[in-house]
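2 protein chains.
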Amino acid sequence: MTKVTISDIAERAGVSAGTVDRVIHNRGEVSKKTREKVLEVIKELKYEPDIVASSLASRKTVRFAALLPEGSNLFWNKPAEGLNAAWNEIKAFGVSLEEFRFSYYDKDGFFQQLNALTESKPDGVVLTPVFTDGLNESLKKLSESGIPYVFINTQWENGEYLAFVGQDSKQSGKVAARLLDYCVADGGQIFIFNLISERGGNSHIISRERGFIEYFSYDQEAGQKNILTIHVNAQHKEEIENLLYRHLGTNQNKKDIRGVFVTNSRVYQIADILEKEEYSNVRLVGYDLLEQNIRHLRNNTINFLIGQKPFEQGYNSVMTLFNAIVRKKEVPKNKFLPIDIITKENIDFYLNL
Amino acid sequence: MTKVTISDIAERAGVSAGTVDRVIHNRGEVSKKTREKVLEVIKELKYEPDIVASSLASRKTVRFAALLPEGSNLFWNKPAEGLNAAWNEIKAFGVSLEEFRFSYYDKDGFFQQLNALTESKPDGVVLTPVFTDGLNESLKKLSESGIPYVFINTQWENGEYLAFVGQDSKQSGKVAARLLDYCVADGGQIFIFNLISERGGNSHIISRERGFIEYFSYDQEAGQKNILTIHVNAQHKEEIENLLYRHLGTNQNKKDIRGVFVTNSRVYQIADILEKEEYSNVRLVGYDLLEQNIRHLRNNTINFLIGQKPFEQGYNSVMTLFNAIVRKKEVPKNKFLPIDIITKENIDFYLNL
DNA sequence: TTTAATTTCGTGTGCGCACACGGATTTTTT
DNA sequence: AAAAAATCCGTGTGCGCACACGAAATTAAA
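So the protein sequences, as listed, match chains A and B.
Okay, so the first sequence: first residue is 1 according to my numbering, each after it adds one.
Okay, so the second sequence: first residue is 1 according to my numbering, each after it adds one.
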């Protein structure tokens, strides 16, 4: 149980500590024969480097960089908090963390920041692939420099990424479907609202909608509902309002409960209208713990919010880099975080931390 | 931004590094005057000890001990996994972790193990206060030896504990109430089943039931339901079966959906019966990801499970000890983990890790 | 074979801190 | 005032590893 040190290996292999160190970090200047001998002893003695001593001795700092949207709301602050929480735990190992921020609505700014990040030659990167046109080209620069990067929140298949940390969007749509299936009587009406922004950030919507539809199409036990999908630009407030009036009716006294699934965090826009018109026979499900959404959840206009664990996304992405780069461990390619179902009753426990 | 070291302080305070070290660890042999001077410089320079160098230099190992039920099922394995995951991250700092296991149904064994644990004089303890008669007396030994202990899963108010990591039981009852409120039409019947074990481990049940009742009594928006609480010994299978038949009726063709809330993880016992009798008009909510419960969740006999994050409980309890003892940080007295709402659709993400 | 060029390897130093040891200073006793 | 005791403090060593430097061993060139 006593720990094996480099000099143990040196002694056993009949060489000096310096030589062992050279083979461990394969920085050459070792003959093939002794190299193999040392490797053999390392395996035999099950040597594991002491990360504490190692990081103390090596004066170089490992530099991480993160590309994130500006923390304009409660949601996008959370990944940054998670990033910093993780950093706090590992900074003693000589890890630094630099954040590059971009406006969620500014594509050029995104790529500018990505370039600046790349120029800074970090040792590891966390980023959200919000804008995907021409993204692969920018990422290639990272790959070519041998800089590993972790995607957070949004998946982007390009084969080169070290890991993805986020949510299974399609499956989250199924969760929403399940909730409304329970809340709305069979034969009832359910609307899917895709509140699209022309400025990007819509990549999740399609998978979520697909998951929702699939639930009702293929699940044997699913109830029978009438499902109608509505695509509308999130900026067109009055169009949204008209659509709601048209489809929900203004007649308050019908007891039938209807369901509305908003496929992103803009669910508060629907809630605003429902609240104003005092609709109470509509069950509303949407995404993310924005301030506005939380308010509506607390006064029962929104019934369920699906949480994406933004804090954990940040935390896990940094830890993934740390494990891969500093600890030199294998890390899972795709880390799907739990799909949280949040109500008025349990929201408080999701807010802090 | 360059880090402040002990010798920086020594120089600034006009003393030697050894003296600075003595005041940092208050191990005396320093005159009051120089002591204050050093303290002043430490504050002035915002010195923070380098935990990496510190743990490398100090040869002593910090010993943690945990008292847990035997991992007889999926649920009770999880805290142990969390314990070990945390330990894996901090063992490099010279932390050891010893587990003491007891049978969930053996009170004497519990106290035997607790005594053995205390005898081993660990530096920090994690434990579940399953049996509470005479517990305070045993805990006093720990307190008197200055050994901090963290409660996991179950709260036990004795004022001396370092921290509690677990779930707010009462609030989890409210969550269950919310779910059944949505699933059962107003005027419908809801049963609360308290499946009691004479062998202990019932401490959560009361708070959960209370939370459930409170939801329907005090929440303005709550629907109107008929609620009936049933207490029954979990071992008396046929009595349970009779109760179910009596209250649910055997008549399958009534469309009214009824609700059943089981206040602990034995919800599978109810599900077994419902499945056998092919009841499909009952919405069933219970606790914890036992194998049996998972099976019933997957085939829709159980509709919701409330998760207690057992893995995170283990993980957080060890990290709390680490932060308090090694890092010497303040730790929150009560760490209430999120109340997870789990359905067939999101369960997979709660199972691994 | 001798010398030069290469390759291979051992030694030494320091990262920041903890702690042992003994020396210096002050206080108490004689 | 000198000696003894008590208090206070500085120096040195090592934790396990990374890395620089230069020496030794080997190979290539003369």
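Glycine residues also receive a C-beta, built at the ideal position from the N, C-alpha and C atoms.
Beta-carbon gap between Phe23 (chain A) and Val38 (chain A) smaller than 8 Å: The sequence as given places Val at residue 23 (chain A); Phe does not occur at that position. Between Val23 (chain A) and Val38 (chain A), the CB-CB gap stays under 8 Å.
Euclidean distance between Cα positions of Arg266 (chain A) and Gly187 (chain A): Roughly 27 Å separates the two Cα atoms.
Selected residue, minimal CA-CA separation from Asn226 (chain A), among A:Tyr245, A:Asp256 and A:Arg208: When each option's Cα is compared against that of Asn226 (chain A), the closest is A:Asp256.
Where Pro69 (chain B) sits in the DSSP three-state scheme: In this structure, Pro69 (chain B) counts as strand in the three-state DSSP scheme.
Residues of the segment 300-317 of chain B whose Cβ lies closer than 8 Å to any Cβ of chain A, in chain order: So the close ones are Asn300 and Asn303.
If you count every other CB in all the chains shown that lies within 10 Å of the CB of Lys43 (chain A), and 16 or more means buried, which is it? So Lys43 (chain A) ends up on the exposed side.
Grab the span of the beta strand (DSSP E) containing His236 (chain A) for me, first residue to last. Premise fails: His236 (chain A) is in no beta strand (DSSP E) and is neither H nor E.
Would you call Lys344 (chain B) buried or exposed, if buried means 16 or more other Cβ atoms sit within 10 Å of its Cβ? Answer is buried; the Cβ neighbour count reaches 16.
Please report the residue range of the alpha helix (DSSP H) in which Val260 (chain B) lies. Careful: Val260 (chain B) lies outside any alpha helix (DSSP H), inside the beta strand (DSSP E) at Arg258 to Val262.
Which whole-angstrom value describes the C-beta separation of Lys309 (chain B) and Pro338 (chain B), a residue pair presumed to lie in contact below a C-beta threshold of 8 Å? Between Lys309 (chain B) and Pro338 (chain B) a beta carbon distance of about 7 Å is seen, short of the 8 Å cut, so the two are scored as contacting.
Between the alpha carbons of Lys329 (chain B) and Ser138 (chain A), how many angstroms are there, rounded? Going by the C-alpha atoms only, they are around 42 Å apart.
Give the secondary structure of Arg208 (chain A) by DSSP, where H, G and I count as helix, E and B as strand, and everything else as coil. Three-state result, Arg208 (chain A): helix.
What residues in the segment 32-57 of chain B have a beta carbon less than 8 Å from any beta carbon of chain A? From the segment 32-57 of chain B, only Asp50, Ile51, Val52, Ala53, Ser55 and Leu56 have a Cβ closer than 8 Å to chain A.
Three or more C-beta pairs under 8 Å: does that hold for the segment 317-324 of chain A against the segment 296-307 of chain A? At 8 Å Cβ cutoff, the stretches do not touch.
Just to confirm, are Ala92 (chain B) and Asp50 (chain A) a CB contact at a threshold of 8 Å? Going by C-beta atoms, Ala92 (chain B) is nearer than 8 Å to Asp50 (chain A).
Give the DSSP-derived three-state secondary structure of Ile273 (chain A) in the structure shown. Of the three classes helix, strand and coil, the one that applies to Ile273 (chain A) here is helix, per DSSP.
Can you give the Cα-Cα distance for His46 (chain A) and Ala163 (chain A), rounded to whole angstroms? Going by the sequence as given, residue 46 (chain A) is Lys instead of His. Between Lys46 (chain A) and Ala163 (chain A), the C-alpha separation is close to 28 Å.
For Glu119 (chain B), would you say it is in contact with chain A, using Cβ-to-Cβ distances shorter than 8 Å as the test? With respect to chain A, the C-beta atom of Glu119 (chain B) has no partner C-beta closer than 8 Å.
Pro122 (chain A) touches chain B at which residues, Cβ-Cβ below 9 Å? Result: empty, since nearest Cβ-Cβ is about 17 Å, beyond 9 Å.
Short Cβ contact (8 Å threshold) for Ile306 (chain B) with Ile341 (chain B): Ile306 (chain B) is a Cβ neighbour of Ile341 (chain B), given a cutoff of 8 Å.
Ends of the beta strand (DSSP E) at Lys335 (chain B)? Its beta strand (DSSP E) spans residues Asn334 to Phe336.
Reference Ser103 (chain B); option with closest CA among B:Val232, B:Leu67, B:Ser31 and B:Tyr245: For Ser103 (chain B), the nearest C-alpha among the options comes from B:Leu67.
Where does Ile294 (chain B) sit, in a helix, a strand or coil, going by DSSP? DSSP, reduced to helix, strand and coil, places Ile294 (chain B) within a helical segment of the structure shown.
Looking at chain A, which residues of the segment 162-186 of chain B have a Cβ within less than 7 Å of any of its Cβ atoms? Cβ contacts with chain A come from Gln171, Lys174, Val175, Arg178, Tyr182 and Cys183.
Using 8 Å as the threshold, is the C-beta distance between Leu127 (chain B) and Tyr105 (chain B) below it? Not closer than 8 Å, so no.
Does any residue of chain B bring its CB to less than 8 Å from the CB of Thr154 (chain A)? It does not; no Cβ of chain B falls within 8 Å.
Return helix, strand or coil for Gly185 (chain A), following the three-state DSSP convention. The amino acid at residue 185 (chain A) is misidentified as Gly; the sequence shows Ala. It is coil, neither helix nor strand.
Extent of the continuous alpha helix (DSSP H) to which Arg283 (chain B) belongs: For Arg283 (chain B), there is no enclosing alpha helix (DSSP H); the enclosing beta strand (DSSP E) has its first and last residue at Val282 to Tyr287.
Contact set for Thr229 (chain B): own chain, Cβ-Cβ below 6 Å, skip 5 residues either direction: Contacts found: Ile192.
Cutoff 8 Å: Pro148 (chain A) Cβ touching any chain B Cβ: Any Cβ of chain B closer than 8 Å to the Cβ of Pro148 (chain A) would place that residue at the interface, and such an atom is absent.
Is the Cβ of Glu275 (chain B) closer than 8 Å to any Cβ of chain A? No, no contact with chain A.
Only counting runs of 4 or more residues, tell me where the alpha helix (DSSP H) segments fall wholly within the segment 28-97 of chain B, in order along the chain. Within the segment 28-97 of chain B, the complete alpha helix (DSSP H) runs of at least 4 residues are 32-45, 51-57 and 74-90.
Mind checking which residues open and close the beta strand (DSSP E) that includes Tyr149 (chain B)? Taken as a continuous stretch (DSSP letters only), the beta strand (DSSP E) holding Tyr149 (chain B) covers Tyr149 to Asn153.
Identity of the residues DSSP links to Arg101 (chain A) by a beta bridge: DSSP lists A:Leu68 as the beta-bridge partner residues of Arg101 (chain A).
Which residues DSSP lists as bridging His25 (chain A), in chain order: Its beta-bridge partners do not exist; DSSP assigns none.
Over what stretch of residues does the alpha helix (DSSP H) that includes Ile9 (chain B) continue unbroken? For Ile9 (chain B), the enclosing alpha helix (DSSP H) stretches over residues Ile6 to Ala13.
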